[in-house]
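Colleague: Quick one: this structure, given as structure tokens, is what I'll be asking you about.
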Amino acid sequence: TEAMASEAKEGVRILCLHGKHQCGELFSQRLGALRKKCRKEFGGGVRFHFIDAPFALPIREGQEVAMRCWWRASAGDGADKP
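When you line the sequence shown up against the working numbering, it's residues 38 to 119, in that order.
Okay, structure coming up:
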């Protein structure tokens, strides 16, 4: 079909979701070696998309940019534990 032909031209797109206390830019830097290897193996046919989680966390000492998280924990549910 036309949709499949269009996807084949675009190549593979990979959505990269960072963990808690990270951001898309930092995760992209951490996966730099993987991205480089994929470019070498597959040419321009692989594209990585790094997005930021919706909730900003308080800036910790030594940080320049606020890290992010995907959800806010409710008090007492244990999800706020490291």
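Each residue gets a CB set at the ideal place from its N, CA and C atoms; glycine is no exception.
Do Arg50 and Arg84 come within 8 Å of each other at the CB atom, strictly closer than that value?
Modeller: Yes, these two residues count as a Cβ contact at 8 Å.
Colleague: Given that a residue counts as buried once 16 or more other Cβ atoms are within 10 Å of its Cβ, and exposed if not, what is Arg67?
Modeller: The residue is exposed, with fewer than 16 neighbouring Cβ atoms inside 10 Å.
Colleague: Over what stretch of residues does the beta strand (DSSP E) that includes Cys60 continue unbroken?
Modeller: Run containing Cys60: none; DSSP gives neither H nor E here.
Colleague: Taking a contact to mean a Cβ-Cβ separation below 8 Å, would you say Gly81 touches Gly48 in this structure?
Modeller: Yes, they are a contact pair.
Colleague: Arg72: which of Met104, Phe87, Val102, Cys60 sits nearest, CA to CA?
Modeller: Ranking Met104, Phe87, Val102, Cys60 by Cα distance to Arg72 puts Phe87 first.
Colleague: Report the CB separation of Cys60 from Val102 in whole angstroms; it is logged as a contact under 8 Å.
Modeller: 6 Å between Cβ atoms; contact.
Colleague: Give me the Cα-Cα distance between Asp114 and Leu52, rounded to the nearest whole angstrom.
Modeller: Any reading at Asp114 must be qualified, since the residue scores a pLDDT of 49, below 50, and its modelled position is unreliable; the value itself is stated next. Rounded to the nearest angstrom, the two C-alpha atoms are 29 Å apart.
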